[in-house]
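Enquirer: Quick one: the structure is below, and I'll ask about it shortly.
Protein chains in written order, with my numbering: chain A, 162 to 462; chain B, 658 to 974.
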């Protein structure tokens, strides 16, 4: 009997020792590993960021310095004039105004229409709701290439080609991804809020506008932000629908600048930086919202 | 005749009543933007696209119905189509696993509790915010054979300059490498997945004597397999449709008068680029519609297959 007790005590001790050893080993490994990981992360992060730093440095070089061997790591004289020079050939302000004329209505249209639709898919009870919602999600699977040709022909027949309408109008009819995101968010709000409003005699539109929407600000911010950045950076749709250079967006204008003018790398870099900086600044200002939105799409998508 | 009409009115009236009784009618009003948008921008174009794919249509003249001739021609007489299909397959097969592996590696590193994690996460995400036109212009410069930064860096290791964008052998590797620069969103999604893995599991495995590698292999990977599947499917769908980068990298400026959106000897002619050229430079709308349907079929089958296969590998809680 005592033998058995002894044995189990010995076993327990051995187990404890093993456990402690494992702990110690893993802590040591963890510390060593963490230092190593830090070094590796710094290296790769540098590798990821450096092209952009190089972009800035190049934008301040003279043309012969760009590809000179041995490499000019820092220009002897910073050519700040490259920026005004580039903006002389690259009409930034016009392109900016054009881009905003598209991006602002698209952002408003998507946010408003998608939240209305999302309310219908979350806060109202009706037969077949979930089946129809799956249909909304299924449309996400359809590549834009499939609808491209008939849509182009349709917009062409409407006389909309070379106007902003093909780029703006569709956004007022709900965007499946935004509908999905907002629906998930609305569903997390307590149904009692809606019911209480309804008992007080408020119409659904009022419940929507005065109860649901104010509480959904974070989700609306994600939708608006994504849509704005998407529209700002979109290259494909403007390429398809806009042919008049006066109507070009920033992206299309930059592409055109890159294609038409003689090779002027400092100028290309300066123009690119001017085009990308607003979006990068917006990204840094809204980083938390942004990363949350990305995470949300990935884990619950 | 009259009785069926009466039946229809009765039916309509009961539908009306059903809508009124529940919240159906209000709901229809709320989702009506989507219904209209769906019919206008999705349903009609899909039906139209099937029709156009069976026609010869150059926008100027009325479409001529030619049956399946477009599809037959694509596979039998169109070398560029086959080339584009092959190139896109090669690009997808190499870029997607590479990007997933690199992103997973970065996420693992960031998840080790190193200081300044949020900063590094932003650093890896940052390139993905840069608009594709600027990305392509920047990398046209970085990939320049003489004095481009990539070759300068390789030169430090004694590697001879590589004609990245101008040689048919290197154009595809350039494009694949470039795809790794935009993996930020994948890193962020992986990292969020990693943070959801309970620490207890690691501790339990460590007590059983698992080393760091077997922790990743037997704890991390099974636990985040749904996230891997998600990134894989999305990555495939995006890779198969890649357009802006090859189009600008090879068809934009920089390469001068002999710019070809398909790259040197069409070695990086991508499916979407070819589709765009067929539709908007050659104005063969019917032919382009047929190409779009083939792309859709490929995407559909691949997504479905990976979901099916995944049942065997993916672990859901």
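The beta-carbon is built from N, C-alpha and C at its ideal position, and this holds for glycine as well.
1) Go ahead and pull the three-state DSSP assignment for residue 712/B.
2) For the alpha helix (DSSP H) that residue 353/A lies in, which residues bound it at each end?
3) Rounded to a whole number of angstroms, what is the C-alpha to C-alpha distance between residue 444/A and residue 253/A?
4) Distance check for residue 233/A and residue 814/B, CA to CA, integer angstroms please.
5) So, residue 337/A versus residue 300/A, is the Cβ gap smaller than 8 Å?
6) Give me, in chain order, the residues of the same chain whose beta-carbon lies closer than 7 Å to that of residue 807/B; leave out the 5 immediate sequence neighbours on both sides.
7) Does the beta-carbon of residue 288/A have 16 or more other beta-carbons within 10 angstroms, so that it is buried, or is it exposed?
8) Examine chain A for any beta-carbon lying closer than 8 Å to the beta-carbon of residue 745/B, and answer yes or no.
9) Return the chain-ordered list of same chain residues with a C-beta closer than 7 Å to the C-beta of residue 122/A, the five sequence neighbours on each side being excluded.
10) Spatial neighbours of residue 959/B within its chain, please: C-beta separation below 7 Å, excluding the five flanking residues on both sides.
11) Considering Cα atoms alone, identify which of 215/A, 297/A, 419/A, 275/A is closest to residue 696/B.
12) Among 223/A, 255/A, 262/A, 220/A, which residue has its Cα nearest to the Cα of residue 324/A?
13) Determine the extent of the alpha helix (DSSP H) in which residue 736/B is found, giving its start and end residues.
14) Do the stretch 379 to 399 of chain A and the stretch 259 to 275 of chain A make contact, defined as three or more Cβ pairs closer than 8 Å?
15) Please list, in chain order, all residues of the same chain as residue 369/A whose beta carbon is under 6 Å from its beta carbon, the five residues on each side excluded.
16) If the cut is a Cβ gap below 8 Å, which residues of chain A does residue 701/B touch?
17) Is any beta-carbon of chain A found at less than 8 Å from that of residue 789/B?
18) If you compare alpha carbons, which of 920/B, 858/B, 884/B is closest to residue 826/B?
19) Cα-Cα, which of 946/B, 886/B, 926/B is closest to residue 968/B?
20) So residue 355/A and residue 255/A are supposed to be a Cβ contact under 8 Å. How far apart are they, rounded?
21) On a Cα-Cα basis, can you pick out the residue from 751/B, 717/B, 733/B, 716/B that is closest to residue 889/B?
22) Could you tell me the boundaries of the alpha helix (DSSP H) in which residue 408/A lies?
23) Give me the Cα-Cα distance between residue 805/B and residue 744/B, rounded to the nearest whole angstrom.
24) Once the 5 residues before and after residue 725/B are set aside, which same chain residues still bring their CB inside 8 Å of it?
25) Smallest Cα separation from residue 209/A: which of 718/B, 818/B, 760/B?
26) Does any residue of chain A have a CB that is nearer than 8 Å to the CB of residue 779/B?
27) Buried or exposed for residue 845/B, please, with buried defined as at least 16 other CB atoms from any protein chain shown within 10 angstroms of its CB.
28) Taking the beta carbon of residue 182/A as the centre, do at least 16 other beta carbons fall within 10 Å, making it buried, or is it exposed?
29) What's the gap between the Cα of residue 386/A and the Cα of residue 352/A?
30) Please list the partners that residue 206/A has in chain B, where partner means a Cβ-to-Cβ separation under 7 Å.
31) Tell me the DSSP bridge mates of residue 987/B?
32) I need the DSSP call for residue 820/B, collapsed to helix, strand or coil.
33) Run through DSSP, which three-state label would residue 235/A get?
34) Go ahead and label residue 365/A buried or exposed: buried means 16 or more other beta carbons lie within 10 angstroms of its beta carbon, across all protein chains shown.
35) To be precise: take each residue of the stretch 841 to 863 of chain B, compare its Cβ to all Cβ atoms of chain A, and keep it if any distance is under 7 Å. Which residues remain?
36) Between residue 716/B and the rest of its own chain, which residues show a CB-CB distance below 7 Å, the 5 nearest in sequence each way excluded?
Expert: According to the structure data:
1) strand
2) 352 to 360
3) 20 Å
4) 18 Å
5) yes
6) 799, 800, 821
7) exposed
8) no
9) Absent from the model: residue 122/A. The displayed extent of chain A is 162 to 462, so no value can be given.
10) 893
11) 297/A
12) 262/A
13) 736 to 767
14) yes
15) 280
16) 311, 315
17) yes
18) 920/B
19) 886/B
20) Their Cβ separation, rounded to whole angstroms, is 46 Å, which puts residue 355/A and residue 255/A out of contact at 8 Å.
21) 751/B
22) Here residue 408/A belongs to no alpha helix (DSSP H), and DSSP marks it neither H nor E.
23) 25 Å
24) 711
25) 760/B
26) yes
27) buried
28) exposed
29) 27 Å
30) 777, 780, 781
31) No statement about residue 987/B is possible, as the shown extent of chain B runs from 658 to 974 and does not include it.
32) coil
33) coil
34) buried
35) 842, 845, 846, 849, 850, 863
36) 940, 942
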